[in-house]
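For reference, the structure discussed in these notes is given below.
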Amino acid sequence: MIQIVDMTIKIFLFILFLSSINAFYLPGLAPNTFCRTSIPDSKCKTQVEVFVNRLDSVESVLPYEYAYFDFCTVIDEPSPVENLGQVLFGERIRPSPYKASFNFFLYKFNIDTFTATDVKQQKYLKRLMKGMVLNYQQHWIIDNMPVTLCYLNSENKEFCSRGFPIGCYVTKRGQSKETCNIRDGKNDTFYIFNHLDFEISYHSGAGETWGAAFGEDGGRIIAAKVQVSSLNSETCERSAQPVMFQSTSTEVEIPFTYSVSFKRNNDIRWASRWDYILKSLPQTSIQWFSILNSLVVVLFLSGMVAMILVRTLFKDIARYNQIVDNISEEDAQEESGWKLVHGDVFRPPSKGMLLSVLVGNGVQIAIMSLITLILACLGFLSPSSRGALMTCAIVCYVLLGTPAGYTSARFYKMFGGGNWKKNVLMTAIACPGVIFSIFFILNIVLWANGSSAAIPFTTFIALLALWFCVSTPLVFFGAYRGFKNHAPQSPVRTNQIPRQIPEQTFYTKPLPGDETWIYHRQIHHKSTNATWIDEGESPTTIVRRSKFEPKNLFCIFFKSNGPALIHDVDEGKTIDHNYYIENCLKPVVKEIWKQRNSAGTKGIKLLHDNAGPHRHSDAINYLAEERINIMPHPPYSSDLASCDYWLNDYIKYNLSDQPNEKSLARAVSKVVKNIPEEFKNTFDKLLKRMELCINNHGDYFEHLIK
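Here the sequence shown stands for residues 71 to 776, numbered as in the working numbering.
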């Protein structure tokens, strides 16, 4: 009773404690306050700056800077300072000629006019056309918020995109993108969105603690939206014709205009201003309850299994360490699973250096990913902190050189390695060097295409400095600590003599296959080979069949453990090389990959006869591409074909009458799958037949079989 009262008091105190908790904004970005008129000695801004960023497209992998398309003259102002993550992500934030003052409405303001008359301007015009064809999107920024284009989607719900198109291209078939708002557009015509209507929503400072000094004149921006249109008029009349041109146009004039309006909205607070954007993104709703529930279940079950395994393994390991040298054959036969190789699992690998280096770098990447994910879940790497995600990942990776060097050194010492200098150098240089080389080659390609994703030379120098001046010394320090410690001891003793790994037998490699006709009505007949005739038994009488009797053609491939493919050839279809490749070879290759996983077709040898489709160059080339060898077959001897001397006759002797094609296919599959042990026996016979074939110089040898 006392324990229940004590628990109740603790729960009550915990609830009281929760009621006094205060929250704060994790990313740590201070909000900007804007005022209609300038107020001395205050941090209230009057100018609302508009910045432009890179342009990208889902139909192209190359982003471009705003100036690449030369929309209009960009004023000569200093660009905002970008962090390492922004540069690596290809962001290029630049000031724009679009200006606005807080709470001042601006209508029909003309910035500049683009005129494509000379060769240089024609080049920019071609870029604009290509950008509209690939649906390149502009990404603008107001008060660290993306300028969004909002419209109703197919479900009649508002969707806000963080970018807006530079224009619209109506194809020769009259098709255009979803965001193209051009009515009655002409086919094969470009329409550029040269007029922008900005709507900036703000939360008023009236009645707020932070707005006590500003009142109604102050506010914080909570949304920035834009509507795009094409107007061929400097006065921005809505009735004006759109700016349109075709791929053959030579003289084009594009007036760039915009308007700005402000909207007061006190229903949304500054801390929640990203919500309307995140709601439009797919899969942004995090199911925390489901995640925590799954995590608890996994941890609980894993803990139970771990406890059982630890208790079991502890007893086994202790027993093996005591009697490892005196285990009898009877004791060994009673063991199963990993216990059979307990004396070999901790044997140092042949490539211990490479394994230790990869494990060390893997630990470095794993810890980096864990720290980055934790910080992202806590909100420190929110979308408002531009480039913070990549910057955090790079910094964490560089600072985690010590665990990489320590882990690599410990593993290398456990493997008995002695070249510690090479181990340290490879841990610090090998994996980062490969990644950096690929990164450098890709950067050259991006630079050659004029993409904004190309990394500047100074950023390369900064990355190299982080690598060699920070990460590498930390790797050396971690390796020093690792080599100073004693090598980890394996829990069980390793056998002095390595366990011999038996070579794969012959019959695990060949893949026999062939086609055969099977009748719906079965008649016992004389076998075509001596395999099915017992000693002292006379052949049965041959029964003639009608040429109109129903039958079906089957293509069968098998391995030593069972059938790999049973294909019922379409009725009336003749097997040529194309049909053989598409319906026989490709399915059997797919099945081999499914059964052998990573080994795939390595070492597989196809054994089929010398039929025309089998010997066609296309079939041979396909098998070569799949790394499947073809076993040579004597041109005048069919006695090596396993289907001919065993499988086909076996099916016909054990098959009952079938009424139609489908039932026949099911019956054939059932007969073949019910004899798994016979497949290995046929390969034993194949070895004897190959020896007879060689001794008989490739000629018929059926009569030599006893």
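For glycine and all other residues, C-beta sits at the position ideal for the given N, C-alpha and C.
All values reported here derive from a predicted model rather than from experimental measurement.
Going by DSSP, name the residue or residues bridged to residue i.
i      : result
Val122 : Arg164, Trp210
Met215 : Ile212
Val298 : Leu266
Arg334 : Tyr272
Asn622 : Ile588
Arg290 : His273
Tyr239 : Phe260
Lys656 : Per DSSP, none; premise fails for Lys656.
His637 : Cys625
Quick check on the burial criterion: 16 or more other C-beta atoms within 10 angstroms. Buried or exposed for residue i?
i      : result
Phe174 : exposed
Val367 : exposed
Pro419 : exposed
Asp188 : exposed
Pro502 : buried
Thr241 : exposed
Glu228 : exposed
Thr598 : In this predicted model, Thr598 has a pLDDT of only 43, less than 50, meaning its place in the structure is not dependable; the value taken from the coordinates is given anyway. Exposed.
Leu96  : Since pLDDT at Leu96 reaches only 49, below the 50 mark, its modelled position is unreliable, and the value read off the structure follows with that caveat. Classification of Leu96: exposed, given that the 10 Å Cβ count is below 16.
Ala518 : exposed
Gln403 : For Gln403, the pLDDT reaches just 48, beneath the cut-off of 50, and the residue's location in the model is therefore unreliable, although a value from the coordinates is still provided. Exposed.
Met377 : exposed
Cys539 : exposed
Asn765 : exposed
Pro811 : As displayed, the chain neither begins before 71 nor continues past 776, which places residue 811 out of reach and without an answer.
Val118 : buried
Gly244 : exposed
Asn226 : exposed
Thr103 : buried
Gln434 : buried
Val415 : exposed
Ile603 : A caution first: Ile603 carries a pLDDT of 46, below 50, which makes its placement in the model unreliable, though a value can still be read off. The residue is exposed, with fewer than 16 neighbouring Cβ atoms inside 10 Å.
Please list, in chain order, all residues of the same chain as residue i whose beta carbon is under 6 Å from its beta carbon, the five residues on each side excluded.
i      : result
Val330 : Ala170, Leu176, Phe268
Gly583 : Phe627, His678
Ile212 : Val120, Ala294
Leu132 : Asn519, Ser521
Leu757 : none
Leu425 : Pro419
Gly475 : Thr497, Val545, Gly548, Ala549
9 Å is my cut-off, CB to CB: does residue i come that close to chain C?
i      : result
Ile511 : Considering every chain present, this structure includes no chain C. It has just one protein chain.
Select from the options the residue whose C-alpha is nearest the C-alpha of residue i.
i      : options                        : result
Phe121 : Glu147, Lys113, Thr107         : Glu147
Ile292 : Ala634, Glu286, Asn336         : Asn336
Phe315 : Phe260, Ser360, Leu301         : Phe260
Ser149 : Ala100, Ala376, Arg164, Cys142 : Arg164
Phe485 : Val203, Thr564, Phe172, His684 : Thr564
Ala137 : Glu661, Asn102, His209, Leu362 : His209
Thr327 : Tyr168, Leu351, Glu225         : Tyr168
Leu301 : Glu323, Arg381, Arg290, Gly289 : Glu323
Leu198 : Cys220, Ser350, Asn223, Phe141 : Phe141
Thr185 : Pro325, Thr107, Lys115, Glu278 : Pro325
Glu619 : Val738, Arg685, Trp587         : Trp587
Ala694 : Leu725, Leu655, Ser364         : Leu655
Ala557 : Gly487, Ile508, Ala681         : Gly487
Asn718 : Pro657, Ile347, Gln566, Val742 : Val742
Asn751 : Val504, Thr461, Asn730, Gly632 : Gly632
Arg736 : Ile674, Ile531, Ala100, His637 : His637
Lys178 : Ala100, Ser166, Asn264         : Asn264
Please list, in chain order, all residues of the same chain as residue i whose beta carbon is under 7 Å from its beta carbon, the five residues on each side excluded.
i      : result
Lys200 : none
Phe94  : Only weak support is given to the placement of Phe94: the predicted model assigns it a pLDDT of 49, under 50, and the question is left unresolved by the model.
Leu266 : Val296, Val298, Tyr328
His273 : Gly289, Arg290, Ile292, Asn335, Asn336, Ile338, Arg339, Trp340
Asp287 : Cys105, Arg106, Thr107
Going by beta carbon distance, what residues of the same chain come within less than 8 Å of residue i, once the five residues before and after it are set aside?
i      : result
Trp537 : Val468, Pro502, Phe506
Lys660 : none
Ala310 : Leu301, Asn302, Ser303
Asp688 : His647, Asn648, Ile651
Ile252 : Cys238, Val240, Ser246, Tyr261, Ser300, Pro312
Would you say residue i touches the ligand COA, meaning its beta carbon is less than 8 Å from a heavy atom?
i      : result
Arg697 : Of ligands this structure carries none, so the ligand COA is not represented either.
Counting Cβ pairs closer than 8 Å, one from the stretch 226-234 and one from the stretch 182-193, do we hit at least three? Proximity of the stretch 226-234 to the stretch 182-193 falls short of the contact definition, fewer than three beta-carbon pairs being nearer than 8 Å.
Evaluate the contact criterion for the stretch 474-483 versus the stretch 540-554: three or more CB pairs, one atom per stretch, below 8 Å. Touching, per the Cβ criterion.
The stretch 497-517 / the stretch 437-444 touching (three or more Cβ pairs under 8 Å): Counting Cβ pairs under 8 Å, fewer than three are found: no touch.
Below 8 Å, can you find three or more Cβ-Cβ pairs linking the stretch 521-534 to the stretch 140-160? Enough Cβ pairs lie closer than 8 Å, so yes.
Are the stretch 332-346 and the stretch 122-142 in contact at 8 Å, needing three or more beta carbon pairs? Here the stretch 332-346 does not lie against the stretch 122-142, with fewer than 3 beta-carbon pairs under 8 Å apart.
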